[in-house]
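In the numbering used here, the protein residues as written are 7 to 119.
Down below is the structure, laid out as structure tokens.
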């Protein structure tokens, strides 16, 4: 099994099709479900007292945390056979940045091969 994991709370790793139309549709859906313009207590610096870092104060990202929670687990487990990922014909491993562009990392661990 190949485990692919994101240690970031505003990113998500998912398996789906890499196709421009789908990716555009999905981005529109996420923005409709979780609009960045609405109030998020996470971004209210008069109220928030936990897990505060100066970088977060520069750009609101409450919406990105909510999107990440809706998308499910922080990683995927993909079967491996004969040294090959057993993805469907159109499936790809997608690393989704839900916040703003910046350096990110992900962890890939292969077990039992």
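Beta carbons: idealized from backbone N, C-alpha and C, even for Gly.
What residue range is occupied by the uninterrupted alpha helix (DSSP H) comprising residue i?
i          : result
residue 76 : 68 to 77
List the endpoints of the continuous beta strand (DSSP E) containing residue i.
i          : result
residue 27 : It is not in any beta strand (DSSP E) - residue 27 instead sits in the alpha helix (DSSP H) that spans 26 to 39.
residue 23 : 17 to 23
residue 61 : That residue, residue 61, is in no beta strand (DSSP E); its alpha helix (DSSP H) goes 60 to 64.
Answer yes or no: does any C-beta atom of chain D fall closer than 8 Å to that of residue i?
i          : result
residue 97 : This model lacks chain D altogether; it includes just one protein chain.
Assign residue i to one of two classes, buried (16 or more other C-beta atoms within 10 Å of its C-beta) or exposed (fewer than that).
i           : result
residue 73  : buried
residue 59  : exposed
residue 65  : exposed
residue 36  : buried
residue 116 : exposed
residue 40  : buried
Only counting the same chain, and skipping five residues up and downstream in sequence, which positions put a Cβ closer than 6 Å to that of residue i?
i           : result
residue 68  : 46, 48 and 49
residue 28  : none
residue 10  : 19, 81, 82, 99 and 114
residue 105 : 16, 67 and 70
residue 12  : 19, 80 and 112
Beta-carbon within less than 8 Å of residue i's beta-carbon, same chain only, minus the 5 sequence neighbours each way: which residues are those?
i          : result
residue 93 : 21, 84 and 99
Inter-stretch contact at 8 Å, needing at least 3 Cβ pairs: the region 94 to 110 / the region 14 to 23:
With a cut-off of 8 Å on Cβ pairs, the region 94 to 110 is in contact with the region 14 to 23, counting three or more such pairs.
Tell me whether the region 80 to 89 and the region 40 to 52 touch, counting them as touching only if at least three CB pairs, one residue from each stretch, are closer than 8 Å.
Judged by Cβ distances under 8 Å, the region 80 to 89 makes no contact with the region 40 to 52, as fewer than three pairs qualify.
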